[in-house]
Amino acid sequence: MIRSAALAATLALASFTAIPAALAQSGKVTVVTSFSKDVTDPIKAAFEKANPGVMLDVQNRNTNAGVKYLDETRSNPQTDLFWASAPDAFEVLKSKQLLQKFTPTAEGIPDKIGAYPINDPDGYYFGFAASGYGIMWNTRYVGANELPEPKEWGDLAAAPYYDHVAIASPARSGTTHLTIETILQGEGWDKGWQTIKDMAGNFQTITDRSFGVPEAVNSGQVGYGIVIDFFAFSAQGSGFPVKFVYPTVTTVVPANVGIVANAPNAENAQKFVNFLLSPAGQEVLLEPSIRRLPVNPAVYAKAPEGYPNPFTDARFKAMTMFDVEKSGKRTAVVDTLFDQLISFQLDDLKSVTKSIHEVEATLAAKDNPQARALVKEARALIGAVPVNEEQASGQEVLAAFSGGKEKGARQAEIEQQWASFAKDNYAKAKAKVAEAAKLAN
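Counted the way our numbering counts, the sequence shown spans residues 269 to 709.
What follows is the structure, given as structure tokens:
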């Protein structure tokens, strides 16, 4: 009898202790995101207030790392949502069957921003904010150093910008990858790489995370930053002395959210998506620390004066149409090219760029056609890439970069070839500039 009572008590205690665990599980939703706390904290607070008892667990990873994490945990998902700016990342997740379909309850959101679809037509991910790409700068820094205000990407290649520009690595920042891809798609493969590498010769730093760039600009560590627009808008909203411009060649695409396939808390994940797309969720995007562009046009009635509106502003209508399928297909190739030609060769690239600026300054005072021709040849060597656009999307190269987490022997071989190509070209360019300098002087 005593044993029976003890057993009953034990079972009762087990049942009692199991209830909070079940409630904790049902009251939680986990999101992997590339967004900083400045963005996620206000949205988390608003969501939890609107959904009492549901806690949003935010796990911050860069976009590429987040995609890999979802793939690695697919057999036992630990995450309910993926939330990031890069639409091509969502296409990768969709192709790997790592997202689940859902139909949000939100109303008033149009099908497109310009010509670009806001939501995945198959219902696997949803745009919650529009994003454009451009240049931000610290007005105090620029004024103190008597530097110009840029309007186009190519402006950042001019001599006054030398050692004053920051960018994040596209291999570690989905938004920077989109910026690089936008230039390549808008200007064409060869001209685009020339523009990117001409700018890169003036880079002061290449950061590991996208928000490292606005932090450096806001604090005055660097003058200019290549960023997604909301970094500049939120900095302005927080009182930093910054300006921002959309170059002619840019695009506006939706930042997205999607529910992970077999999410452990799918019901709460649905609540988060519905909240984010609701008028209340969209209005949070207008807060000074966030300053993103809502996808619900009606919300702009509550925006501050002068707030960009992608649905009515003429500048957005002329932007480049972004090919997300092309970008997604060659993401690893483009990111690796950037690293092998720029990130890992930055000192050599900056050295030859500085020499070019010096020779061009001399030629501006006293022209020498032969010297100017040598400088032109040097710039062509700098801008050259080891593969054309067809090869970059060709089966041989794509197959070498499809190994996922583990780098294969062929990928390592190609990377070494690209690094050697850049190093040799920069050395040849430096020699031509040295010869031009002798003629100019």
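Just so it is clear, CB atoms sit at the ideal spot from N, CA and C, and this is done for glycine as well.
Leaving aside the five residues before and after residue i along the sequence, list all residues of the same chain whose C-beta is less than 6 angstroms from its C-beta, in chain order.
i: Arg440; result: Asn330, Asp476
i: Thr519; result: Thr450, Met587, Thr588, Phe590
i: Ala705; result: Val627
i: Leu553; result: Ala397, Arg560, Pro562
i: Thr473; result: Ala434
i: Arg408; result: Pro509
i: Gly505; result: Pro556, Arg559
i: Val490; result: Ala434, Gln472, Ala484
i: Ala710; result: In the structure as shown, the chain begins at 269 and stops at 709. Residue 710 is therefore absent and cannot be evaluated.
i: Glu664; result: none
i: Phe579; result: Pro565
i: Gly507; result: none
i: Tyr568; result: Asn577
i: Gln550; result: Pro562, Asn564, Val567
i: Ala425; result: Asp466, Met467
Apart from the five residues on each side of it in sequence, which residues of its chain come closer than 8 angstroms, Cβ to Cβ, to residue i?
i: Ala660; result: Trp457, Arg598, Val601, Val602, Leu605
i: Thr278; result: Here Thr278 scores only 43 on pLDDT, less than 50, and its place in the model should not be relied on; the value that follows carries that caveat. So no residue of the chain qualifies.
i: Pro310; result: Val552, Glu555, Ser557, Ile558
i: Val517; result: Glu420, Trp421, Thr450, Ile451, Gly454, Glu455, Thr588
i: Ala290; result: Interpretation of Ala290 is limited by its pLDDT of 37, a score under 50 that renders its predicted location unreliable; no figure is taken from the coordinates.
i: Asn656; result: Trp457, Asp458
i: Ile381; result: Gly395, Ala398, Val520, Val521, Pro522, Val563, Pro578, Phe579, Phe584
From the options, pick the residue whose C-alpha is nearest to that of residue i; which is it?
i: Arg559; options: Asn530, Arg640, Ile650, Phe303; result: Phe303
i: Trp351; options: Thr341, Thr630, Ala648, Asp325; result: Asp325
i: Val525; options: Leu609, Glu664, Leu424, Gly334; result: Gly334
i: Pro372; options: Asp581, Ser623, Lys539, Ala484; result: Lys539
i: Leu609; options: Gln685, Thr447, Val517, Val485; result: Gln685
i: Gly574; options: Phe501, Ser353, Glu703; result: Phe501
i: Met404; options: Thr463, Glu483, Leu707, Ala646; result: Glu483
i: Leu649; options: Thr630, Asp692, Ala503, Leu544; result: Asp692
i: Lys698; options: Ser688, Thr443, Val620; result: Val620
i: Lys696; options: Glu657, Glu681, Gly651, Ser670; result: Gly651
i: Lys336; options: Asn656, Phe358, Phe499; result: Phe358
i: Ala548; options: Asn636, Thr444, Ala374; result: Ala374
i: Gln327; options: Lys305, Ala314, Asn344; result: Lys305
i: Thr447; options: Pro416, Tyr384, Gly402, Asn344; result: Gly402
i: Ser611; options: Lys700, Asn636, Ala667, Ile464; result: Ile464
i: Asn413; options: Lys675, Ala468, His432, Glu683; result: His432
i: Asn636; options: Val495, Tyr430, Leu614, Val701; result: Val701
i: Phe512; options: Ala680, Ala534, Val541, Val410; result: Val410
Tell me which residue opens and which closes the alpha helix (DSSP H) that residue i is part of.
i: Trp421; result: Element bounds for Trp421: n/a, residue is neither H nor E.
i: Thr444; result: 442-455
i: Lys696; result: 677-708
i: Thr621; result: 614-633
i: Ala644; result: In the sequence under discussion, the amino acid at residue 644 is Lys, which differs from the Ala named in the question. It spans 637-651 - the alpha helix (DSSP H) in which Lys644 sits, taken as one unbroken run.
i: Arg583; result: 582-585
i: Asp591; result: Per DSSP, Asp591 belongs to no alpha helix (DSSP H) and is neither H nor E.
i: Ala667; result: 663-668
i: Gly549; result: 547-552
With residue i as the anchor, note down where its beta strand (DSSP E) starts and where it stops.
i: Ala398; result: 394-406
i: Ala434; result: 433-436
i: Tyr492; result: 492-496
i: Phe350; result: 349-352
i: Phe512; result: 510-513
Quick one: measure Cβ to Cβ for residue i and residue j, integer angstroms, because I've assumed they're closer than 8 angstroms.
i: Leu617; j: Tyr492; result: With a Cβ gap of about 17 angstroms, Leu617 and Tyr492 do not count as contacting.
i: Thr298; j: Gln368; result: Incorrect: roughly 15 angstroms between the Cβ atoms, too far for contact.
i: Pro509; j: Asn406; result: 6 angstroms
i: Ala436; j: Gly480; result: 6 angstroms
i: Val360; j: Gly596; result: 6 angstroms
i: Ser353; j: Ala571; result: That pair is no contact at about 20 angstroms.
i: Asp348; j: Asn536; result: 7 angstroms
i: Ala690; j: Gln613; result: 5 angstroms
Checking the sheet assignment: what are the DSSP bridge partners for residue i?
i: Asn319; result: DSSP, once it has assigned bridges, lists no residue as partnering Asn319.
i: Val563; result: Its beta-bridge partners do not exist; DSSP assigns none.
i: Leu367; result: Val528
i: Pro385; result: Lys380
i: Ala523; result: Ala397
i: Ile474; result: Ile435
i: Lys301; result: According to the sequence as given, residue 301 is Thr; it is not Lys. Thr301 pairs with Asn328, Trp351.
i: Lys296; result: Met323
Identify, in the order they occur along the chain, each residue of the same chain with its Cβ nearer than 7 angstroms to the Cβ of residue i, setting aside the five sequence neighbours on each side.
i: Glu316; result: Val322, Met323, Leu324
i: Leu366; result: Leu338, Asp339, Arg342, Val528, Ala529
i: Gln638; result: Leu707
i: Ile377; result: Ile386, Leu545, Val563, Asn564
i: Ala292; result: Model confidence at Ala292 stands at a pLDDT of 39, short of 50, so the residue's coordinates are unreliable and nothing is read from them.
i: Pro576; result: Leu561
i: Pro355; result: Val521, Pro522, Asn524, Val592
i: Ala318; result: Phe543, Ala548
i: Gly391; result: Lys369, Phe370, Thr371
i: Leu631; result: Ala639, Arg640, Ala708
i: Ala286; result: In this prediction, Ala286 has a pLDDT of 39, which is less than 50 and means its spatial position is unreliable; what the coordinates show is noted afterwards. Excluding positions up to five away in sequence, the list is empty.
Going by the C-beta, is residue i closer than 6 angstroms to any heavy atom of the ligand FAD?
i: Val481; result: Absence of the ligand FAD is noted for the structure shown, with no ligands found whatsoever.
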